[in-house]
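Enquirer: Take a look at this one; I'll ask things after.
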Amino acid sequence: MKNSKKTALAGMLAAFAVAAGALESFVPPLPFAPPGFRIGFSNAASMTAAAVSPFAAFAVASVKSAFVLITRGATAALLSFAGGLASCAVTLLMFRFARAKVGCIGIGIASAAAHNLAQVSVYSLIIGAAAFWYLPYLLVLGTFCGALTGILLDLALKLIYNRKDAPDGAKHKK
Amino acid sequence: MKKAALVFLLLALTLAAACRRPYENNVDFAMGAEVTQKLWGAGEETAEKALAAIRSLEEEISYRKEGGAASLNRGGELTGGDAFDIIQKSIELWRDTDGAYDITVLPIVELWGFDTDEPHIPGEAELSAALEKAGTEKIICENGALRLTGGVRVDLSAAGKGAACGKAVEIYMASGATGGIVTVGGSVGVFGTKNGSPFRVAVRSPFDPSAAAAVLTLTDTYVSTSGSYEKHFFVSGAEYHHLLDPSTGYPVMNELISVTVVCADGALSDMLSSACFCLGAEKSLPLLKKYSASALFIKRDGSVLVTKELAPCVECDSYEVLP
Amino acid sequence: MKTRMFKKADLFIAFAVLFAALCALLAISLAGGNGRTAVIEYRGETVKVIDLDSVAAPYTFTVEGDLEVVMEVSPQGIRFAYSPCPDKLCERFGTLGKKGQVAVCMPAGISVRITGEGEYDGVTG
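As you go down the protein sequences, you meet chains W, U and X in turn.
Number 87 in this note's numbering belongs to position 87 of the first sequence; there are no gaps in the numbering.
Each number in this note's numbering corresponds to the 1-based position in the second sequence with 1000 added.
Each number in this note's numbering corresponds to the 1-based position in the third sequence with 2000 added.
This is the structure we're talking about:
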């Protein structure tokens, strides 16, 4: 993929991430999830960006957090950015080193776990060790939501990489 | 894959090991008081050892038993051991307090009968006779040996419970435990942490034995309390309690009702709490400083005074920090 | 290189995460005794400790954090009754009464959690 295309794709994905994040705030909270828990549909966009390039991944995470900064304030943005960076890092690593072994669902789950772990860590800086008591609930819920975003990631990758102008010879199928 | 599984198994085992439930033991009796122990990272064996150490300390320092202190009271000499050490510390504290801490007032305590079922006000004549018999200056230390003169007898019970906590904590340290808390009567010894967090020690309210006047958050130290509410009786409305002023032979009457001392030495925490009760809050401050100890004073009107070193560890509805 | 939607290793990842969650849950629920004590913290510092088992009648009190929140204690447990924060997430946690539960008011920096430990470890005096 040419750089211009990558940039365009990163922009689209960032837009999608912001839109997904905004839409999610209208979804009623899951009945058994702790308040503030989000499924993380926008994570699918960040992960797709990670498949494109590290730069795109970073760009999407930043834009997403910037949007959170405007709408939900500095603390939420910090949490979003920490989670975004951690999940991007894990996704990038898995794409680089374990692409042959793992599927999109696995990447989604690992990325969600990293997201939760990073957020709880930042959380604990603000409110203390009590934050870690969240972790079990978040990890369990994150596994299911991660699988869900993993499926979205798979769909996105198919959309992008099956086109004739797919980048770097990295054909997704066929 | 197998490697990853192994890593997770190890992680799980470490977690399980780190967060073991404490070993708890609430049933023992020694040093004339109830002994409770809670241990993290060690178990019954360590608690049994600690209890044995407390019992052998009691044998050594109680004037009612047959060890060092008892033999000294019977005219023997002491050249070492726990009783020797505590008496040395007591002599120093006696000097530091101008006699407010005195381990030789046993005859006076016996006159009041606080350890019997019928405590009573002694007669003037017998009290002054008993005062004559007391006095730490009658303990002679020559060539590294202690002996008593002038019919004086030593009573180390004001240091015993704190010293017992010290013995237990020594055992905990050697056992490889990660944390432990021992209470012997009103003295508490804390060692290490409970799974990483400090211990919470309540200071009993003088006005309601089931309530806490304050809570101290502590690690690796000792706490002892002297309170006039522990043993007391009333005669025509006047209160008489067991914390006697060695200079008069009568109960200490000042603004205090309870003194809690936190100190890195178990026996000293116990001794200092008695000494500070007699001295009052203000005069206690230089003494506490000398022994790197801190204290919480509760006055008769219910107000609480805390030394500034202790203030960060105190949870209490309202208290005043001393300069 | 192909990226599939699902591979066998994914199952392993899922189990690993769930297993980690289980371990963390065990660590929280095994620590301490069998009491029900609410620990209220402001930025990690303990502000108040309440033995829920000895609460007879409901009452409320305020906790001074970055914001001033109102907490309600009852024999059932403890909850954020009111917080002036904008998102009100803390109020949505509802009443906490079981060991291991936690509720947080982020804007106020205040958390409350239920531990199994007694109110204190020892008593002096």
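We treat Cβ as the ideally placed atom computed from N, Cα and C, and that holds for glycine.
Short check: CB of D154 of chain W to CB of C88 of chain W, under 7 Å?
Expert: no
Enquirer: Buried or exposed for M2106 of chain X, please, with buried defined as at least 16 other CB atoms from any protein chain shown within 10 angstroms of its CB.
Expert: buried
Enquirer: Let's see if you can read the secondary structure: which residues bound the beta strand (DSSP E) around W1040 of chain U?
Expert: A1033 to W1040
Enquirer: Helix, strand or coil: which one does DSSP assign to H1241 of chain U?
Expert: strand
Enquirer: Residues of the stretch 2004-2035 of chain X with a CB closer than 7 Å to any CB of chain W: list them in chain order, please.
Expert: R2004, M2005, F2006, K2007, A2009, D2010, I2013, A2014, V2017, L2018, A2020, A2021, A2024, L2025 and I2028
Enquirer: Please report the distance separating the alpha-carbon of A1033 of chain U from that of G1185 of chain U.
Expert: 5 Å
Enquirer: Please list, in chain order, the residues of the stretch 30-43 of chain W that have any C-beta partner in chain X closer than 9 Å.
Expert: Within the stretch 30-43 of chain W, the residues whose Cβ lies closer than 9 Å to some Cβ of chain X are P34, P35 and G36, listed in chain order.
Enquirer: Leaving aside the five residues before and after T2060 of chain X along the sequence, list all residues of the same chain whose C-beta is less than 8 Å from its C-beta, in chain order.
Expert: V2070, M2071, E2072, V2073 and A2081
Enquirer: Go through the stretch 1221-1294 of chain U residue by residue and report every complete run of the beta strand (DSSP E) that reaches 3 residues or more, in order.
Expert: 1221-1227, 1232-1235, 1238-1241 and 1256-1263
Enquirer: Which class does M2005 of chain X belong to by DSSP, given the choice of helix, strand or coil?
Expert: M2005 of chain X falls in the coil class under three-state DSSP.
Enquirer: Check R2036 of chain X in the structure and name its three-state DSSP category.
Expert: Three-state result, R2036 of chain X: coil.
Enquirer: Quick check for students: name the residue ranges of the beta strand (DSSP E) that lie wholly in the stretch 1074-1102 of chain U, counting only runs of 3 or more.
Expert: Correct list: empty.
Enquirer: Could you tell me the boundaries of the alpha helix (DSSP H) in which F67 of chain W lies?
Expert: Per DSSP, the continuous alpha helix (DSSP H) segment holding F67 of chain W begins and ends at P54 to R72.
Enquirer: Give the single residue among U:T1183, U:G1227 and U:Y1172 whose Cα lies nearest to the Cα of V1252 of chain U.
Expert: Checked all of U:T1183, U:G1227 and U:Y1172; the closest Cα to V1252 of chain U is U:G1227.
Enquirer: Helix, strand or coil: how does DSSP classify E1320 of chain U here?
Expert: strand
Enquirer: Output needed in chain order: residues of the stretch 1030-1048 of chain U with a Cβ under 8 Å from some Cβ in chain X.
Expert: T1036 and K1038
Enquirer: Please tell me whether A136 of chain W and A2024 of chain X are closer than 7 Å, where the distance is taken between their beta carbons.
Expert: The amino acid occupying residue 136 of chain W in the given sequence is Pro; Ala does not appear at that position. Yes; because the gap between Cβ atoms is below 7 Å, this pair is in contact.
Enquirer: Please list, in chain order, all residues of the same chain as V68 of chain W whose beta carbon is under 6 Å from its beta carbon, the five residues on each side excluded.
Expert: A76, A77 and S80
Enquirer: Using a Cβ-Cβ distance under 7 Å, would R1200 of chain U count as near chain X?
Expert: Yes, contact with chain X.
Enquirer: Measure from the C-beta of L2089 of chain X to each C-beta in chain W and report whether the shortest distance is under 7 Å.
Expert: Cβ-Cβ to chain W under 7 Å: yes for L2089 of chain X.
Enquirer: Does DSSP put R2113 of chain X in a helix, in a strand, or in coil?
Expert: strand
Enquirer: Contact defined as beta carbons within less than 8 Å: I believe V1154 of chain U pairs with S1187 of chain U. What is the distance between those atoms, to the nearest angstrom?
Expert: Rounded, the Cβ-Cβ distance is 19 Å, inconsistent with contact.
Enquirer: For the structure I just gave you, are there three or more beta carbon pairs, one from the stretch 1256-1270 of chain U and one from the stretch 1286-1293 of chain U, closer than 8 Å?
Expert: The stretch 1286-1293 of chain U and the stretch 1256-1270 of chain U touch, with three or more beta-carbon pairs separated by less than 8 Å.
Enquirer: Confirm, please, whether the CB-CB distance from L85 of chain W to T48 of chain W is below 7 Å.
Expert: No, they are not a contact pair.
Enquirer: Quick one: grab the DSSP three-state call for T1136 of chain U.
Expert: helix
Enquirer: Cα-Cα, which of U:I1121, U:G1068, U:N1254 and U:T1097 is closest to I1086 of chain U?
Expert: U:G1068
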